[in-house]
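**Student:**
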Amino acid sequence: MSLLRQAFMKFWNLELYWKVFIGMGAGIIYALLMGEAAMNVAPLGDLFMRLLKMVIVPLIFFSITSGVAGIGENRSLGRLGAKTFGYYFLTSMLAIILGLTLTNIIQPGVGVDIHAGGEEFDPSSLSQPGSLGSILLRMIPTNPIQAAAKGDVLAVIFFSIILGMAITALPEKQYKVTKDLFDTFFQVMMKMTQGVILFLPLGVFGLIAKAVASTGFTLFKAVGWYMVTIATGLTLHIFLILPLVFWFFTKINPLKHYKAIASAMATAFSTSSSGATLPVTMDCIENRAGVSNKVTSFVLPLGATINMDGTALYECAGVLFISQALGFDLNFAQQLLIVITAFLASVGAAAIPSAGLVMIFIVLDAVGLGNHPQAAIIVGTMLAVDRPLDMFRTVVNITSDTMGAVIVAKSEGENVLSDI
Numbered sequence: 379m380s381l382l383r384q385a386f387m388k389f390w391n392l393e394l395y396w397k398v399f400i401g402m403g404a405g406i407i408y409a410l411l412m413g414e415a416a417m418n419v420a421p422l423g424d425l426f427m428r429l430l431k432m433v434i435v436p437l438i439f440f441s442i443t444s445g446v447a448g449i450g451e452n453r454s455l456g457r458l459g460a461k462t463f464g465y466y467f468l469t470s471m472l473a474i475i476l477g478l479t480l481t482n483i484i485q486p487g488v489g490v491d492i493h494a495g496g497e498e499f500d501p502s503s504l505s506q507p508g509s510l511g512s513i514l515l516r517m518i519p520t521n522p523i524q525a526a527a528k529g530d531v532l533a534v535i536f537f538s539i540i541l542g543m544a545i546t547a548l549p550e551k552q553y554k555v556t557k558d559l560f561d562t563f564f565q566v567m568m569k570m571t572q573g574v575i576l577f578l579p580l581g582v583f584g585l586i587a588k589a590v591a592s593t594g595f596t597l598f599k600a601v602g603w604y605m606v607t608i609a610t611g612l613t614l615h616i617f618l619i620l621p622l623v624f625w626f627f628t629k630i631n632p633l634k635h636y637k638a639i640a641s642a643m644a645t646a647f648s649t650s651s652s653g654a655t656l657p658v659t660m661d662c663i664e665n666r667a668g669v670s671n672k673v674t675s676f677v678l679p680l681g682a683t684i685n686m687d688g689t690a691l692y693e694c695a696g697v698l699f700i701s702q703a704l705g706f707d708l709n710f711a712q713q714l715l716i717v718i719t720a721f722l723a724s725v726g727a728a729a730i731p732s733a734g735l736v737m738i739f740i741v742l743d744a745v746g747l748g749n750h751p752q753a754a755i756i757v758g759t760m761l762a763v764d765r766p767l768d769m770f771r772t773v774v775n776i777t778s779d780t781m782g783a784v785i786v787a788k789s790e791g792e793n794v795l796s797d798i
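In terms of our numbering, the sequence shown opens at residue 379 and continues consecutively.
1. Quick test of your reading: leucine 437 and leucine 578, contact by CB under 8 Å. State the CB separation rounded to the nearest angstrom.
2. Is it right to say arginine 666 is buried, meaning 16 or more other beta carbons lie within 10 angstroms of its own, or is it exposed?
3. Count the other CB atoms, across all protein chains shown, that sit within 10 Å of the CB of threonine 520; report buried if there are 16 or more and exposed otherwise.
4. DSSP three-state label for glycine 403, please.
5. Express the C-alpha separation of glycine 791 and proline 621 in angstroms, rounding to a whole number.
6. Taking C-beta to C-beta, are methionine 427 and threonine 649 nearer than 8 Å?
7. One question on the structure: do glycine 782 and asparagine 685 come within less than 8 Å of each other, judged by their Cβ atoms?
8. Which residue comes first and which comes last in the alpha helix (DSSP H) that contains asparagine 775?
9. When you compare only the Cα positions, how much space is there between leucine 795 and leucine 714?
10. Please go through the segment 563 to 639 and give each complete alpha helix (DSSP H) segment of 4 or more residues, from N-terminal end onward.
11. Alpha carbon to alpha carbon, how far is serine 441 from isoleucine 483? Give it in angstroms, no decimals.
12. Give the DSSP-derived three-state secondary structure of alanine 547 in the structure shown.
13. Where does glutamine 485 fall in DSSP's three states?
14. Compute the Euclidean distance between the alpha carbons of alanine 654 and leucine 576, then round it to the nearest angstrom.
15. Given 8 Å as the limit, is there contact between the segment 696 to 703 and the segment 466 to 486, that is, 3 or more CB pairs closer than that?
16. Would DSSP call arginine 666 helix, strand or coil?
17. To the nearest angstrom, how far is the alpha carbon of valine 717 from that of phenylalanine 710?
18. According to the Cβ coordinates, are serine 538 and phenylalanine 439 closer than 8 Å?
19. With DSSP run on the structure shown, which of helix, strand or coil describes methionine 517?
20. Between Gly423, Asp779, Asn775 and Tyr408, which lies nearest to glycine 581 when the distance is taken from Cα to Cα?
21. For valine 623, count the other beta carbons within 10 Å of its own beta carbon; 16 or more makes it buried, fewer makes it exposed. Which is it?
22. Using CA coordinates, which residue listed in Phe560, Val677 and Phe583 is at the minimum distance from alanine 447?
23. Quick one: what's got a C-beta closer than 7 Å to isoleucine 474's C-beta in the same chain, skipping five residues either side?
24. Name the two residues that bound the continuous alpha helix (DSSP H) containing glycine 413.
25. Can you tell me the Cβ-Cβ gap for methionine 417 and alanine 591, rounded? I've got them flagged as a contact below 8 Å.
26. Give me the Cβ distance between threonine 469 and serine 651, rounded to the nearest whole Å; I'm assuming they're in contact under 8 Å.
27. Does DSSP put phenylalanine 536 in a helix, a strand or coil?
28. Compare the Cα-Cα distances from aspartate 797 to each of His635, Leu680 and Ser778 and report the closest residue.
29. So the candidates are Phe770, Gly696 and Thr780; which of them puts its Cα closest to the Cα of leucine 742?
30. Can you say whether asparagine 391 is buried or exposed, counting buried as having 16 or more other CB atoms within 10 angstroms of its CB?
31. Sorted by chain position, which residues of the same chain lie with C-beta nearer than 6 Å to phenylalanine 770's C-beta, five sequence neighbours on each side aside?
32. Taking DSSP as the reference, what is the three-state secondary structure of proline 501?
33. In the DSSP assignment, the alpha helix (DSSP H) including glutamate 792 goes from what residue to what residue?
34. Looking at the unbroken alpha helix (DSSP H) that takes in serine 701, where does it start and where does it end?
35. Verify whether the separation of the beta carbon atoms of valine 433 and methionine 543 is less than 8 Å.
Below, the structure written as structure tokens:
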């Protein structure tokens, strides 16, 4: 019994990311040993996801409101916003151009069997987004409480920014009282979030076991070159392009940053959700990277909603893959249209169910392939092998968000990553 207790204490004292990786490995081994019976631990993952989702909306609301109110003046808010959006645009466009370049070089769609790996897919079964205009309109909630109840994160972010700006306009005495109140609620949410994070290794174990038991590894062979293209693009973006951008603006070794966000990267990989990972991401950036709450609470919730480097790369490469599989050779103008549409689609993707695959149909429509009878079948095949790619691109998404937070903080004169 004492040996078991010692082993447990050693595990408990490990860094969180090591505990998460152990949970992932245990989930894979358990699923391989138990087969479909491994689904019996799926409720562990579902329970953890519910706990994470429980804190997302109040955490975003109080963090952004507190952060914007703490900036104090609209000029500072405008400067912070300009830097943040400039970074998001830069990295998203780099990701899209990389995806386009690799797909043109590798040509994964040439000779692919469009019936391999999945059944015919009906795109109408997914929740379809509206136009870009409707996405922008949805950002302004007619009822903020209803938007929070529905988990409409874009609307919650918009209302939180407006509320924070209104607080800065209060007389000094009322401003201090109101700001302190929101700061206190934000600290409460962070304490609650840290409590939820304690269950992270157990939740990851259940999520990974469920994924391997339900999908296995055989389906991944159906569209191998497509997966290779996406994975190569994501790998180059996360380990080459983003570190170069990071070093250019901060002159800090990117390895320090990866060490600081290791827990968030592991969580993103296991949950496939930037939003669900947000509590862990904020904890890593504030407590390990040393970024102030002012920057963290503004940059990260916004990034988890609209900064989707991995998704943008995937949409661009995915549409080009589909056109190749259908035998269409898109010219430069059509590919440029893919670049623009993929960027706009990735911005609105977060608030839409089955976001990446749904938004692909917007990009397909832009080049005239949306109504092709075989396009839906190819998307179905992509859906069958999408789980590991979705996990990887979520890691890319949150890595870009966190690097943006550190870059903005560094530009504001903060001493970041000094203890890593």
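Here a beta-carbon is modelled for each residue, glycine too, at the ideal position from N, C-alpha and C.
**Tutor:** Walking through what the data contain:
1. As a working mapping, residue 437 is identified with position 59 in the sequence shown. As a working mapping, residue 578 is identified with position 200 in the sequence shown. About 16 Å; that fails the 8 Å criterion.
2. By 1-based counting over the sequence shown, the position of residue 666 is 288. Result: buried.
3. Counted from its first residue, the sequence shown places residue 520 at position 142. Exposed, because fewer than 16 other Cβ atoms sit within 10 Å of the Cβ of threonine 520.
4. Along the sequence shown, one-based indexing puts residue 403 at 25. Here glycine 403 sits in helix by DSSP.
5. On the sequence shown, residue 621 is found 243 positions in, with the first residue counted as 1. On the sequence shown, residue 791 is found 413 positions in, with the first residue counted as 1. Near 20 Å, if we compare the C-alpha coordinates of glycine 791 and proline 621.
6. Along the sequence shown, one-based indexing puts residue 427 at 49. Along the sequence shown, one-based indexing puts residue 649 at 271. Against a cut-off of 8 Å, the Cβ pair of threonine 649 and methionine 427 comes out as a contact.
7. Counting from one through the sequence shown, the residue named residue 782 turns up at place 404. Counting from one through the sequence shown, the residue named residue 685 turns up at place 307. For glycine 782 and asparagine 685, yes; Cβs fall inside 8 Å.
8. Working through the sequence shown from its first residue, we reach residue 775 at position 397. Residues 764 to 789.
9. The residue you call residue 795 lines up with position 417 of the sequence shown. The residue you call residue 714 lines up with position 336 of the sequence shown. CA-CA distance, leucine 795 to leucine 714, rounds to 38 Å.
10. 578 to 593, 602 to 614, 620 to 628 and 632 to 638
11. Counting from 1 along the sequence shown, the entry for residue 483 is found at position 105. Counting from 1 along the sequence shown, the entry for residue 441 is found at position 63. Approximately 43 Å, taken between the alpha carbons.
12. To locate residue 547, count along the sequence shown from 1; it is residue 169. Coil, per DSSP.
13. For the purposes of this step, residue 485 is taken as residue 107 along the sequence shown, with counting starting at 1. Glutamine 485: coil per DSSP, three-state reduction.
14. The residue you call residue 654 lines up with position 276 of the sequence shown. The residue you call residue 576 lines up with position 198 of the sequence shown. Approximately 15 Å, taken between the alpha carbons.
15. yes
16. Sequence index remark: in the sequence shown, residue 666 carries index 288 (1-based). It is coil, neither helix nor strand.
17. Residue numbering aside, residue 717 sits at position 339 when the sequence shown is read from its first letter. Residue numbering aside, residue 710 sits at position 332 when the sequence shown is read from its first letter. Looking at the two C-alpha atoms, the distance is approximately 11 Å.
18. Residue mapping note: residue 538 aligns to position 160 of the sequence shown, counting from 1. Residue mapping note: residue 439 aligns to position 61 of the sequence shown, counting from 1. Yes; because the gap between Cβ atoms is below 8 Å, this pair is in contact.
19. Counting from 1 along the sequence shown, the entry for residue 517 is found at position 139. Three-state DSSP puts methionine 517 in coil, outside helix and strand.
20. To locate residue 581, count along the sequence shown from 1; it is residue 203. The residue with the shortest Cα to Cα distance from glycine 581 is Gly423.
21. Sequence index remark: in the sequence shown, residue 623 carries index 245 (1-based). It counts as buried.
22. Residue mapping note: residue 447 aligns to position 69 of the sequence shown, counting from 1. The candidate whose alpha carbon is nearest that of alanine 447 is Phe560.
23. Locating residue 474 in the sequence shown gives position 96, counting from the first residue. Excluding positions up to five away in sequence, the list reads Ala690, Leu691, Cys694, Val717, Ala720 and Phe721.
24. Locating residue 413 in the sequence shown gives position 35, counting from the first residue. Segment: none, glycine 413 is in no alpha helix (DSSP H) and carries neither H nor E.
25. Your numbering for residue 417 matches position 39 in the sequence shown. Your numbering for residue 591 matches position 213 in the sequence shown. With 8 Å as the limit, methionine 417 and alanine 591 qualify as a contact, their Cβ atoms being about 5 Å apart.
26. Here residue 469 refers to the residue found at position 91 when the sequence shown is read from its first residue. Here residue 651 refers to the residue found at position 273 when the sequence shown is read from its first residue. The pair is not a contact, with the Cβ atoms about 19 Å apart (cut-off 8 Å).
27. By 1-based counting over the sequence shown, the position of residue 536 is 158. Helix.
28. Stepping through the sequence shown from its first residue, residue 797 is reached at position 419. Considering only alpha carbons, the answer is His635.
29. For this step, residue 742 is matched to residue 364 along the sequence shown. Checking every option, the nearest Cα to that of leucine 742 belongs to Gly696.
30. Here residue 391 refers to the residue found at position 13 of the sequence shown. The residue in question, asparagine 391, is exposed, as its Cβ has fewer than 16 Cβ neighbours within 10 Å.
31. By 1-based counting over the sequence shown, the position of residue 770 is 392. Cβ neighbours of phenylalanine 770 beyond the five flanking positions: Leu612.
32. What you label residue 501 is simply residue 123 of the sequence shown in a count that begins at 1. Here the model assigns proline 501 a pLDDT of 42, short of 50, so the residue's position is not dependable, and the following value carries that caveat. Reduced to three states, the DSSP call for proline 501 is helix.
33. Residue 792 sits at position 414 when you count from the first residue of the sequence shown. Run containing glutamate 792: none; DSSP gives neither H nor E here.
34. Position 323 of the sequence shown, counted from the first residue, corresponds to residue 701. Where serine 701 is concerned, the enclosing alpha helix (DSSP H) stretches over 687 to 703.
35. Taking the sequence shown and counting its residues from 1, the one referred to as residue 433 is at position 55. Taking the sequence shown and counting its residues from 1, the one referred to as residue 543 is at position 165. No, they are not a contact pair.
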